[in-house]
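Engineer:
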Amino acid sequence: EREVVSYFTHEKLLYEDEHHNCVFVGMDGDIAKHAHLRSTNSEGKVFRMNVEGSESAHSFHKDGTDKSLYVFEAPIDLLSYISLFPEGWQEHNYVACCGTSSIPVLEMLRQLPQLQQVYLCLDNDAAGHAASERMAKLLEERGISAERLVPQQKDWNDDLKAEQENKMERSELCQTFC
Numbered sequence: 003e004r005e006v007v008s009y010f011t012h013e014k015l016l017y018e019d020e021h022h023n024c025v026f027v028g029m030d031g032d033i034a035k036h037a038h039l040r041s042t043n044s045e046g047k048v049f050r051m052n053v054e055g056s057e058s059a060h061s062f063h064k065d066g067t068d069k070s071l072y073v074f075e076a077p078i079d080l081l082s083y084i085s086l087f088p089e090g091w092q093e094h095n096y097v098a099c100c101g102t103s104s105i106p107v108l109e110m111l112r113q114l115p116q117l118q119q120v121y122l123c124l125d126n127d128a129a130g131h132a133a134s135e136r137m138a139k140l141l142e143e144r145g146i147s148a149e150r151l152v153p154q155q156k157d158w159n160d161d162l163k164a165e166q167e168n169k170m171e172r173s174e175l176c177q178t179f180c
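What follows is the structure, encoded as structure tokens:
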């Protein structure tokens, strides 16, 4: 959604580079420590990579005010999830691991000791399921409650695209029959 993207661009956590890639910035306080690139092309294979020298502990994230943390594999899935479930989103804490590493989750727990509930929102594939199980055990060992939220499609971005397609189809049907 436009307001979600606007929020992250205003916070200087998201921008477009000279090659028209989305750059998702991970901060440590006021210092940029991580950058994840994702192509904006809609044709062919999507390009994505962490910029060399990025510190995985400080991947793309958003600090909120409540005691919950939502964990994603990719920044685009984080934004898609917020677009799908916008109610009270600014209160929550979010992190995109830019893969399936637990390191960004552990860093969020270190920085935000008040966290009590973690929602594992990783992809609906073998890697996402395995990483969710691994992270759930790691969190349980630390006395943190973990719950798995699984997208219907492969990931939250695919769910968002499917919802948008359904809305367009319903709109076209309404124009035809209403």
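In this text, residue positions in the sequence shown follow my numbering: the first is 3, and each later residue adds one.
Here a beta-carbon is modelled for each residue, glycine too, at the ideal position from N, C-alpha and C.
None of these values were measured; they are calculated from a predicted model.
Would you mind reading off the limits of the beta strand (DSSP E) that contains residue 87?
Structural biologist: Residue 87 -> no beta strand (DSSP E), and no H or E assigned at all.
Engineer: For residue 33, report the span of its alpha helix (DSSP H) as first-last.
Structural biologist: No alpha helix (DSSP H) contains residue 33, which is instead part of the beta strand (DSSP E) from 33–40.
Engineer: Looking at residue 111: is its Cβ nearer than 8 angstroms to the Cβ of residue 146?
Structural biologist: In this structure, residue 146 lies closer than 8 angstroms to residue 111 by Cβ.
Engineer: Look at the Cβ atom of residue 99, then the Cβ atom of residue 135, and state whether they are nearer than 8 angstroms.
Structural biologist: Against a cut-off of 8 angstroms, the Cβ pair of residue 135 and residue 99 comes out as no contact.
Engineer: For the alpha helix (DSSP H) containing residue 10, name the first residue and the last one.
Structural biologist: Segment 4–12, the alpha helix (DSSP H) holding residue 10.
Engineer: Is it buried or exposed for residue 97, if we count other Cβ within 10 angstroms and need 16 for buried?
Structural biologist: Buried, since its Cβ has 16 or more Cβ neighbours within 10 Å.
Engineer: Should the stretch 112–129 be called in touch with the stretch 68–88, which here means at least 3 C-beta pairs below 8 angstroms?
Structural biologist: The stretch 112–129, when compared against the stretch 68–88, does touch it at the 8 angstroms Cβ threshold.
Engineer: Below 8 angstroms, can you find three or more Cβ-Cβ pairs linking the stretch 59–68 to the stretch 21–32?
Structural biologist: Judged by Cβ distances under 8 angstroms, the stretch 59–68 makes contact with the stretch 21–32, as three or more pairs qualify.
Engineer: Among 139, 80, 120, which has the Cα closest to the Cα of residue 159?
Structural biologist: Comparing Cα positions, the closest option is 80.
Engineer: Between the beta-carbon of residue 42 and the beta-carbon of residue 23, is there less than 8 angstroms?
Structural biologist: Their beta carbons are under 8 angstroms apart, which means residue 42 touches residue 23 by this criterion.
Engineer: In the structure shown, what three-state DSSP assignment does residue 63 receive?
Structural biologist: Strand at residue 63.
Engineer: Among all the DSSP beta bridges, which residues are the ones paired with residue 29?
Structural biologist: DSSP output for residue 29 lists 34 as bridge partner(s).
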